[in-house]
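J.: In the numbering used here, the protein residues as written are 965 to 1144. So that we are looking at the same thing, I have put the structure below in structure tokens.
As structure tokens, then:
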């Protein structure tokens, strides 16, 4: 897998990954991803598979992040469709990973874990944040396992944060990896 910064030309592939990875109720809109690439280009990463590159199929995964000056305290701080503040990534206390997805055919076999770990190393080396943050659905056991394995711990629960296909809601778990 190859890790690189996303460009606007990646939007079609990013939307394909988004639609294949999340239920409609929690999919981000194309314009939101466009604005995230424009506002935080150094923090929006895509993953390419060597075979896909040869076929010109584009990225097979992405990780979208932004800088934050303080810990999110309320669910509305992390709502679907929010746009990151326009800010540089130097001397930031937090990097918040807002979305991480991989096409289904590339899941398993350690691809997600490998992309996750490479992204975390990139953030640590390039930006030296005090901590990394993320919000995960309580129902996504595989994702929670990867995050916990890489040093993330639960710091807050946002009740009924994620809509489910059946009309119910599941909790959002705010996790943090302290790097100091």
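Even for Gly, the Cβ is constructed at its ideal location relative to N, Cα and C.
1. Is the region 1028–1040 touching the region 1087–1106 in the sense that three or more CB pairs, one from each, lie closer than 8 Å?
2. From the DSSP secondary-structure annotation, give me the bridge partner or partners of residue 905.
3. Among 970, 1022, 1060, whose alpha-carbon lies nearest the alpha-carbon of residue 1138?
4. Using only alpha-carbon positions, find the residue among 982, 1038, 1071 that is nearest to residue 1110.
5. Quick one: Cα of residue 974 to Cα of residue 1009, how far?
6. Could you compute how far the alpha carbon of residue 979 sits from the alpha carbon of residue 994?
7. Could you tell me which residues DSSP pairs with residue 1100 in its beta bridges?
8. Anyone know if the C-beta pair for residue 1141 and residue 1102 falls short of 7 Å?
9. Short of 8 Å in beta carbon distance, which residues of its chain neighbour residue 969, apart from the five on each side in sequence? Order them along the chain.
10. Nearest to residue 996 by alpha carbon, out of 1038, 966, 1062?
11. Run through the DSSP bridge pairs and tell me what residue 1037 is partnered with.
12. Within a Cβ cutoff of 6 Å, which residues of the same chain sit near residue 1124, ignoring the five residues on either side of it in sequence?
13. Exposed or buried, which one is residue 1085 when buried takes at least 16 other CB atoms within 10 Å?
14. Within its chain, find whatever has a CB closer than 6 Å to the CB of residue 1107; leave out the 5 residues flanking it on each side and keep chain order.
T.: Looking at the atomic coordinates:
1. Taking one beta carbon from each stretch, the region 1087–1106 and the region 1028–1040 have 3 or more pairs nearer than 8 Å; the two touch.
2. Residue coverage of the chain in this structure runs from 965 to 1144, which leaves residue 905 outside it and unanswerable.
3. Minimum Cα distance to residue 1138 is reached at 1060.
4. Looking at the Cα atoms, 1071 is the closest of the given residues.
5. Here the alpha carbons of residue 1009 and residue 974 stand approximately 10 Å from one another.
6. The straight-line gap from Cα to Cα measures roughly 7 Å.
7. For residue 1100, which the question treats as bridged, DSSP gives the partners 1137.
8. Not in contact: residue 1141 and residue 1102 (Cβ atoms no closer than 7 Å).
9. So the qualifying residues of the chain are 1005, 1006, 1008, 1009, 1010.
10. The residue from 1038, 966, 1062 with its alpha-carbon nearest to that of residue 996 is 1062.
11. In the DSSP output, where bridge partners are listed per residue, residue 1037 has none listed.
12. Only 1133 meet the Cβ criterion.
13. Around the CB of residue 1085, fewer than 16 other CB atoms lie within 10 Å, so the residue is classed as exposed.
14. If you ignore the 5 residues before and after residue 1107, its C-beta comes within less than 6 Å of the C-beta of 1100, all in its own chain and listed in chain order.
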